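Peer 1: Structure incoming, see below.
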Amino acid sequence: AEEAEAKDEL
Amino acid sequence: MNLFRLLGDMTHLLSIIVLLLKINATRSCRGVSLKTQELYAIVFVCRYLDLFTNFISLYNTVMKVIFLGSTFTIIYWMRFHKVIRVTYDRDQDTFRYQFLIIPCLLLSLILNSEFTVMEVLWTFSIYLEAVAILPQLVLLQRTNNIDNLTGNYIFLLGSYRALYILNWIYRFLTEPNYRQYLVWISGIVQTIVYIDFFYYYIRSWKNNEKLSLPA
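So the sequences go chain by chain: A and B.
The first sequence begins at 52 in this note's numbering and counts up by one.
The second sequence begins at 5 in this note's numbering and counts up by one.
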């Protein structure tokens, strides 16, 4: 879940 | 979305616009590394696979499409445009893809947060982006005659990375569960790659001289 948060970055 | 992130993305976008304009206006891609552009294409394709599975925001989707489209446009021009392709420094742009792709692929198979195809490819794209500029920097050092726009393109790319680090610091301080160690470490490595270039870029700008990198 932590990493999924980061997926909003390009 | 914080200001650093937005400025970072806008700087990234601007760097690509500068490159597109330069190539289109001068009908020349002299000094531009096709290898770096193709590595970026691999980076974007692997990272943006979630375009089809995970909608984040309209902003996010539009930017992803722009990055993919512009990179493939540059590659198309450099490979197939009848005027532009002739100006490509084929003999100097000799960095080997496999030196970057294979280690990054192996590393992403070992160091990832989840062993799935999507996640490994995403992680691979993070590692590959960190080193994708290297063929461009090597070419720059070789051609020894850097036009302003190529220099500005690399400077903008480096600035975008520096702004992303500020974005991560800001997010770390403001979002309680925000942590992404692989991305941070790769991002810091990626920014370090630019430090040498930044030094010469700023020096030439201060002294009002043409940019050149020592061999």
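Glycine included, every Cβ here is placed at the ideal spot set by N, Cα and C.
As the structure is a computational prediction, the values presented were derived from the model and not from experiment.
Compute the Euclidean distance between the alpha carbons of N211/B and Y205/B, then round it to the nearest angstrom.
Peer 2: Cα to Cα, N211/B sits roughly 10 Å from Y205/B.
Peer 1: If we count the other Cβ atoms within 10 Å of its Cβ and call it buried at 16 or more, is G12/B buried or exposed?
Peer 2: Looking at its Cβ environment, which holds 16 or more other Cβ atoms inside 10 Å, G12/B is buried.
Peer 1: What is the DSSP secondary structure of Y52/B, counted as helix, strand or coil?
Peer 2: It is helical.
Peer 1: What is the residue span of the alpha helix (DSSP H) that N64/B lies within?
Peer 2: Looking at the DSSP string, the run of the alpha helix (DSSP H) that includes N64/B is L62 to F84.
Peer 1: Note down, in chain order, each residue of its chain lying with its Cβ closer than 7 Å to the Cβ of T15/B, except the 5 sequence neighbours on either side.
Peer 2: Around T15/B: L160, S163, Y164 and L167.
Peer 1: For N148/B versus S216/B, is the C-beta spacing smaller than 8 Å?
Peer 2: Yes, the pair counts as a contact, with Cβ atoms nearer than the cut-off.
Peer 1: Spatial neighbours of E2/B within its chain, please: CB distance less than 6 Å, with the 5 preceding and 5 following residues excluded, ordered by chain position.
Peer 2: The structure shown does not extend to residue 2/B, since chain B spans only 5 to 219, so no value can be given for it.
Peer 1: Would you kindly work out how many angstroms separate the C-alpha atoms of F48/B and V87/B, rounded to a whole number?
Peer 2: Cα to Cα, F48/B sits roughly 27 Å from V87/B.
Peer 1: Residue range of the alpha helix (DSSP H) that R175/B falls in?
Peer 2: Run containing R175/B: N152 to T178, per the alpha helix (DSSP H) assignment.
Peer 1: Report all residues from its chain with a CB closer than 8 Å to the CB of T65/B; omit the five preceding and five following residues, and keep chain order.
Peer 2: For T65/B, where only same-chain residues beyond five positions count, the Cβ hits under 8 Å are L55 and F59.
Peer 1: Quick one: which residues of the stretch 55–77 of chain B get their C-beta closer than 8 Å to a C-beta of chain A? List them in chain order.
Peer 2: So the list reads N58, I60, S61, N64, M67, K68 and F71, given in the order they occur along the chain.
Peer 1: Leaving out five residues before and five after L23/B in sequence, what residues of the same chain have Cβ atoms less than 6 Å from its Cβ?
Peer 2: For L23/B, where only same-chain residues beyond five positions count, the Cβ hits under 6 Å are Y157.
Peer 1: Three or more C-beta pairs under 8 Å: does that hold for the stretch 92–107 of chain B against the stretch 132–148 of chain B?
Peer 2: Judged by Cβ distances under 8 Å, the stretch 92–107 of chain B makes contact with the stretch 132–148 of chain B, as three or more pairs qualify.
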